[in-house]
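The letter at position 130 of the sequence shown is residue 135 when you use this note's numbering, and the numbering goes up by one with no holes. Yeah, the Cβ is synthetic: ideal placement off N, Cα and C, and Gly gets one too.
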Amino acid sequence: MNLPKIVILFSGAGTNLLNIIEKLHLKECEVVGTITNRPEALGIKKAVSQGVEVEVLDHTLYESREAFDVKLLKTINSYKPDLVVLAGFMRILTPLVTDNIRAINVHPSLLPLFKGGNAIVKSYESEVQEGGISVHWVSSELDGGEVIAQKSLKKSPDETLESFTQKIRTLEHELLPVTIVEILKES
Ligand code: GAR
């Protein structure tokens with residue numbers, strides 16, 4: 006069967022990465038490769054344990070953001086993916102990459118609220134009683150591309166940062182795979 010191909014970019018724990026692989030790999034799509042910019046990322050073991058290839062591109066070894074992005078784009082293109090999924094990829098990309106790939110990103114807030122880093126903490130500490138997550142197209146504007154899907158949650162009166170983070174993660178694990186499948190079916 007000719008499954009659509011996806012590449013996943015990640016930087017950290019890789020819970021979304023593992024969730025996508027477990028739910029979709031060789032069923033709805035083929036995860037042809039994963040790429041991380043952090044050699045110590047815990048997600049590396051998770052991908053390897055599932056038999057999925059991991060390419061480590063340590064951004065600290067590149068002389069500039071552009072030099073890293075040239076290599077990143079080349080690596081992504083080598084897989085010829087139908088879709089690129091940013092799942093906790095914590096690095097700002099230049100238009101060299103964003104203008105030349107078809108990519109989505111998961112962000113732990115109800116965009117346009119709380120763009121950028123530490124979105125979970127910002128959202129938890131804010132007066133807004135609702136938190137949530139967004140899946141959006143990647144554009145040259147950080148966390149600014151068109152929103153594809155969102156899920157929200159209400160903060161409970163005794164909410165801790167840990168419980169809030171867990172709820173966010175659960176929503177991400179529900180929404181991201183479903184959204185990937187929908188996009189791949191439409192393409
Ligand atoms: C996720 O919460 C994701 O939304 C966030 O990083 C976390 C990665 O977790 N991404 C961003 O904040 C992007 N701006 P994971 O490594 O366990 O999947």
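For the options R174, I11, E167, the alpha carbon positioned closest to that of D87 is the one of I11. Inclusion of N110 in the 7 Å shell around the ligand GAR follows from its C-beta lying nearer than that to a non-hydrogen atom of the ligand.
By the CB criterion at 8 Å, L14 and V61 fall outside the cutoff.
Per the coordinates, the alpha-carbon of V140 lies some 17 Å from the alpha-carbon of I26.
By the 16-neighbour rule on beta-carbons within 10 angstroms, A72 is exposed.
Rounded to whole angstroms, the separation of the alpha carbons of L147 and P117 is 11 Å. Cβ contact annotation for K120 (same chain, cutoff 8 Å, sequence separation greater than five): H112, S114, L147, D148, G149, in chain order. Around T184, the same chain offers I109, V140, I153, A154 as residues with beta carbons nearer than 8 Å, after the five sequence neighbours per side are excluded.
In the three-state scheme derived from DSSP, where H, G and I count as helix and E and B as strand, V53 is classed as helix. Within 7 Å of the C-beta of I153 there is not a single heavy atom belonging to the ligand GAR. Per DSSP, the unbroken beta strand (DSSP E) holding T41 starts and ends at 35 to 41. Secondary structure of L66 (DSSP, three-state): helix. Residue pairing by DSSP places V12 opposite G38, V89 in a beta bridge. Of all alpha-carbon atoms in N7, L8, M95, the one lying nearest the alpha-carbon of I40 is that of M95. Taking C-alpha positions only, V37 is separated from L22 by approximately 13 Å. Under the three-state reduction of DSSP, L181 is assigned to helix. Counting C-beta atoms within 10 angstroms of its own C-beta, P182 has 16 or more neighbours from the protein chains shown and is therefore classed as buried. Here the alpha carbons of Y84 and L29 stand approximately 17 Å from one another.
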